[in-house]
Amino acid sequence: MDSTTSFLVALVKIAVLVGFLMTAAAYLVLLERWIAAWVQDRKGPNRVGLPLTGLRLFGLGQPLADGLKFVFKEEFVPKHVDWWLYTLAPVVLLGAALAAFAVIPFGDALPELGITAVDSVDSYLQLIVAPQVDVGMLYVFALSSMAVYGVILGGWSSNNKYGYLGALRSSAQMIAYELPLGLGILGVVLMTGSLQIDEIVAHQATTGYWNVFAQPLAFVVFVVAAFAEAARLPFDLPECEQELIGGYHTEYSGMRLILFLIGEFMHMITASVLITLLFLGGWHFWGLTSGPVENWFDAIVRIVILLGKSFAVVVFFMLVRWSWPRFRFDQLMSLAWKVMLPLGMVNLAVVAVLREPMFANYLGGGSMFVFMLINVAVAAVAWIVTALLQPLAADNRPRRAENLA
Amino acid sequence: MKADDPDIHWVEEPKLGLAGKMYLPLFVQGLTTTARHLVSRKVTVSFPDERPKIGNPLIYRGVHRLNKDEQDRVKCVACFLCATACPAHCIDIVAAESPWPDREKYPAHFAIDELRCIYCGMCEEACPVDAIELTSFCDLTGRSREEMVFDKEKLLSVYDQTKDSEPMRSASMGASSGRATT
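These protein sequence lines map, in sequence, to chains A and B.
Read in order, the letters of the first sequence are residues 38 to 442 in my numbering.
Read in order, the letters of the second sequence are residues 49 to 230 in my numbering.
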């Protein structure tokens with residue numbers, strides 16, 4: 038296949054992916070409101086349906102109405118802002134969030150279509166915009182760090198103290214949690230021997246042991262860090278309404294605001310899909326996905342499994358939001374540096390020690406099981422030790438001085 | 049207030065148990081609570097589609113009505129006690145010589161501004177002849193402010209609409225009409 042066809046195939050993939058992500062973000066806003074309502078014993082938005090028909094459809098028209106509202110809102114720019122940076126910030130945030138999906142697979146592969154992309158293996162069309170990127174994980178990390186530029190630019194250019202404080206908090210939080218995030222996947226990458234995301238999924242599919250079982254400690258560290266990176270509750274300090282009004286997007290409204298909001302939801306989607314791919318086996322499910330993709334059924338089952346798992350993680354994200362109060366900022370920092378970082382190190386050390394002796398021929402079934410047992414035991418011990426040491430306890434409350442008693 | 053003030057009651061923070069230190073058990077507990085509420089029965093009333101259930105309509109404070117006696121005359125004797133008691137000054141009464149022999153005055157004009165009313169029920173408390181009462185009507189709408197000033201005919205028609213579902217309170221207390229008849 039010549040490079041023109043290859044280019045067209047990539048364009049189609051991008052169009053499908055971006056269209057899907059935008060729709061998903063819009064409907065996840067609705068889902069978020071539904072779950073918020075249901076958790077609080079309310080019914081949630083259920084009125085807006087198809088326009089002009091009177092059909093309610095359980096409120097499925099709500100995203101359309103919300104979108105229209107944002108489009109028709111006045112594009113208000115305060116006089117005291119730096120116009121260029123103010124406009125650039127939401128674009129950077131959303132652009133970085135969308136670009137990260139270039140290396141994230143959204144399925145395994147499509148069967149023979151008659152067209153064979155130059156860059157695909159075995160004439161299958163791989164369901165990933167940029168297949169075979171050897172530094173896939175690094176690319177995702179680089180872009181997720183770029184996203185914080187959007188936040189900082191937004192907070193700085195707004196020329197508003199709340200915006201600035203939100204941006205400061207955001208940058209501190211991102212820097213602190215990049216480390217556990219990296220440590221969380223380092224064990225996975227070390228075991229797989231590749232930074233390619235499709236490789237990591239394929240490894241879990243081959244062995245049948247998802248990384249959440251093989252490396253539970255890494256899973257916990259990664260999930261907590263992913264929550265913090267996506268700035269979701271209980272780590273949403275950059276935009277906590279009670280203290281900072283809206284944080285870095287205090288001064289934003291209309292289309293610029295919706296770009297920020299979509300960007301944030303995109304972070305959550307990225308985090309969910311990454312958790313699924315790296316730890317929950319991606320498109321793999323025991324008994325349903327054995328062997329390579331041979332027909333359309335195989336291809337669609339894998340897409341559905343991947344999307345289903347990611348959806349479950351998204352629902353978990355939203356439930357967590359209503360289950361825990363926000364951390365204090367010092368607790369947030371202590372959690373990153375005193376708990377998650379050491380736990381990630383422990384996991385990395387265990388994997389590094391076990392990697393060579395156990396996986397010289399890692400496709401053998403037994404060694405994986407032993408590896409899992411050792412890791413679960415280490416995770417339990419590390420967790421209990423952390424619990425007993427109580428690194429998060431910072432009792433700085435006023436108390437009666439002894440000599441006054 | 050100084051730190052050694054004897055009035056300060058010092059409370060020590062309770063020590064965390066093992067479950068609290070481990071965090072995960074409490075994590076699961078919190079998640080279970082939210083998940084349970086996720087599927088539990090909802091308390092929202094979808095208002096125009098379904099009516100809210102009013103616990104006891106006899107003590108609900110909704111739209112006013114002017115009661116009639118058994119001869120279908122307005123019970124009000126235009127004593128102005130309700131207008132005096134009203135904290136929102138929403139009751140406007142014009143008294144006139146009564147055409148009936150058993151009372152001296154009756155309201156020639158009686159209007160309540162339902163937009164100004166705060167539905168406190170003081171008029172009901174003040175009325176010596178139980179002529180003014182609050183019903184359980186709560187969805188009150190109108191297209192203009194003038195429309196929301198309920199005059200005597202309107203208030204009497206509210207009585208006609210609600211007399212069966214919400215009997216007059218004085219009747220249930222054993223007195224068929226006010227003091228004026230005795």
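Each residue gets a CB set at the ideal place from its N, CA and C atoms; glycine is no exception.
Sequence-distant residues of its chain with Cβ nearer than 8 Å to residue i (five each side left out)
i: Val-166/A; result: Ala-47, Lys-50, Ile-51, Leu-54, Phe-138, Ala-139, Val-140
i: Met-216/B; result: Asn-115, Asp-178, Glu-181
i: Met-355/A; result: Leu-68, Glu-69, Ile-72, Ala-73
i: Asp-159/A; result: Interpretation of Asp-159/A is limited by its pLDDT of 49, a score under 50 that renders its predicted location unreliable; the figure taken from the coordinates is listed afterwards. Same-chain partners within the cutoff: Pro-329.
i: Leu-325/A; result: Val-338, Ile-342
i: Asp-199/B; result: His-157, Phe-158, Ala-159
i: Leu-204/B; result: Arg-113, Leu-114, Lys-116, Val-122
i: Arg-227/B; result: For Arg-227/B, the predicted structure reports a pLDDT of 44, less than 50, and the residue's modelled location is therefore unreliable. The matter cannot be settled from this model.
Top-ranked residue by Cα proximity to residue i, from the options
i: Ile-72/A; options: Val-357/A, Leu-429/A, Leu-317/A; result: Val-357/A
i: Thr-132/B; options: Met-170/B, Leu-204/B, Pro-62/B, Ser-88/B; result: Met-170/B
i: Asp-208/B; options: Glu-118/B, Phe-128/B, Arg-193/B; result: Glu-118/B
i: Trp-374/A; options: Tyr-214/A, His-240/A, Thr-244/A; result: Tyr-214/A
i: Cys-175/B; options: Asp-150/B, Thr-189/B, Gly-110/B, Cys-134/B; result: Cys-134/B
i: His-304/A; options: Thr-326/A, Ala-265/A, His-321/A, Gly-324/A; result: Ala-265/A
i: Arg-99/B; options: Glu-60/B, Glu-194/B, Ser-184/B, Glu-214/B; result: Ser-184/B
i: Ala-67/B; options: Ala-143/B, Ser-213/B, Gln-77/B, Glu-61/B; result: Gln-77/B
i: Phe-299/A; options: Leu-125/A, Lys-116/A, Ala-134/A, Thr-90/A; result: One point to set straight first is that residue 299/A is Ile, not Phe, in the sequence displayed. Comparing Cα positions, the closest option is Ala-134/A.
i: Trp-148/B; options: Arg-113/B, Gly-65/B, Val-122/B; result: Val-122/B
i: Lys-211/B; options: Asp-55/B, Asp-120/B, Lys-153/B; result: Asp-120/B
i: Leu-188/B; options: Val-59/B, Arg-164/B, Glu-172/B, Glu-201/B; result: Arg-164/B
i: Ser-94/B; options: Leu-89/A, Thr-90/A, Phe-95/A; result: Phe-95/A
i: Val-206/B; options: Leu-72/B, Gly-110/B, Tyr-154/B; result: Gly-110/B
C-beta contact flag for residue i and residue j at 8 Å
i: Val-177/A; j: Pro-217/A; result: no
i: Cys-138/B; j: Ile-102/B; result: no
i: Ala-268/A; j: Glu-276/A; result: yes
i: Ile-340/A; j: Phe-143/A; result: yes
i: Val-387/A; j: Ile-421/A; result: no
i: Val-170/A; j: Met-292/A; result: no
i: Leu-380/A; j: Ala-414/A; result: no
i: His-105/B; j: Glu-214/B; result: In the sequence as presented, His is not what sits at residue 105/B; that position holds Pro. Cβ atoms of Pro-105/B and Glu-214/B: closer than 8 Å.
i: Gln-99/A; j: Val-85/A; result: yes
i: Thr-243/A; j: Ile-237/A; result: no
i: Thr-80/B; j: Arg-79/A; result: no
i: Val-226/A; j: Gln-252/A; result: no
i: Leu-175/A; j: Asn-384/A; result: no
i: Val-376/A; j: Leu-429/A; result: yes
i: Gly-104/A; j: Ala-63/A; result: yes
i: Val-66/A; j: Phe-302/A; result: yes
Sequence-distant residues of its chain with Cβ nearer than 6 Å to residue i (five each side left out)
i: Ile-282/A; result: Tyr-199
i: Ile-189/A; result: Ala-204, Ser-208
i: Val-197/B; result: Ala-159, Asp-161
i: Leu-296/A; result: Pro-127, Leu-131
i: Phe-75/B; result: none
i: Phe-322/A; result: Ile-342
i: Ile-166/B; result: Ala-136
i: Gly-465/A; result: Since the first residue of chain A shown is 38 and the last is 442, residue 465/A is not available in this structure.
i: Gly-32/A; result: As shown, chain A starts at 38 and ends at 442. That puts residue 32/A outside it, with no answer to give.
i: His-57/B; result: none
i: Gly-173/A; result: Val-140, Leu-232, Gln-233, Ile-234
Same chain only: Cβ atoms within 7 Å of residue i, ignoring 5 sequence neighbours per side
i: Phe-316/A; result: Trp-247, Asn-248, Val-249, Phe-256, Phe-259
i: Ala-154/A; result: At Ala-154/A, the pLDDT of 48 sits below 50, so the modelled position is not reliable; the number obtained from the coordinates is stated separately. Correct list, in chain order: Met-38, Ser-43, Val-46, Leu-162.
i: Leu-274/A; result: Arg-206, Gln-210, Arg-363, Phe-366, Leu-369
i: Ser-157/A; result: For Ser-157/A, the predicted model reports a pLDDT of 48, less than 50, meaning its position is unreliable and no value from the coordinates is stated.
i: Thr-313/A; result: Gly-319, Leu-343, Lys-346, Ser-347, Val-350
i: Arg-93/A; result: Asn-83, Arg-84, Gly-86
i: Gly-221/A; result: Ala-255, Val-258, Phe-259, Ala-262, Gly-381
*Okay, do the region 104 to 122 of chain A and the region 300 to 319 of chain A touch, 3+ Cβ pairs below 8 Å being the bar?*
Verdict: no, contact absent.
*asked:* Taking beta-carbon pairs under 7 Å, can you tell me which members of the region 341 to 365 of chain A lie near chain B?
replied: Leu-356, Trp-359, Ser-360, Trp-361
*Please list the residues of the region 101 to 118 of chain A that have a C-beta atom closer than 9 Å to any C-beta atom in chain B, keeping them in chain order.*
none
*Mind checking the region 289 to 323 of chain A against chain B and listing, in chain order, the residues whose C-beta falls within less than 9 Å of any C-beta there?*
none
*asked:* Closer than 8 Å is the cut-off here; do at least three beta carbon pairs connect the region 285 to 292 of chain A with the region 217 to 234 of chain A?
replied: no
*Listed in chain order, which residues of the region 155 to 189 of chain A have Cβ atoms closer than 7 Å to some Cβ of chain B?*
none
_Three or more C-beta pairs below 8 Å linking the region 140 to 149 of chain B and the region 118 to 130 of chain B_ = Look at the beta carbons and you see the region 140 to 149 of chain B touching the region 118 to 130 of chain B: at least three pairs across the two are nearer than 8 Å.
*Please name the residues in the region 82 to 94 of chain B whose beta-carbon is closer than 8 Å to at least one beta-carbon of chain A, in chain order.*
Thr-82, Ala-83, His-85, Leu-86, Val-87, Ser-88, Arg-89, Lys-90, Val-91, Thr-92, Ser-94
*asked:* At a CB distance below 8 Å, what residues from the region 398 to 429 of chain A approach chain B? Give them in sequence order.
replied: Trp-420, Ile-421, Ala-424, Leu-425, Gln-427
*Name, going along the chain, the residues of the region 38 to 57 of chain A whose beta-carbon falls closer than 7 Å to a beta-carbon of chain B.*
The region 38 to 57 of chain A vs chain B, Cβ under 7 Å: nothing.
*Please name the residues in the region 57 to 77 of chain A whose beta-carbon is closer than 9 Å to at least one beta-carbon of chain B, in chain order.*
Ile-72, Ala-74, Trp-75, Val-76, Gln-77
*Interface residues of the region 365 to 380 of chain A facing chain B [CB-CB below 7 Å]*: none
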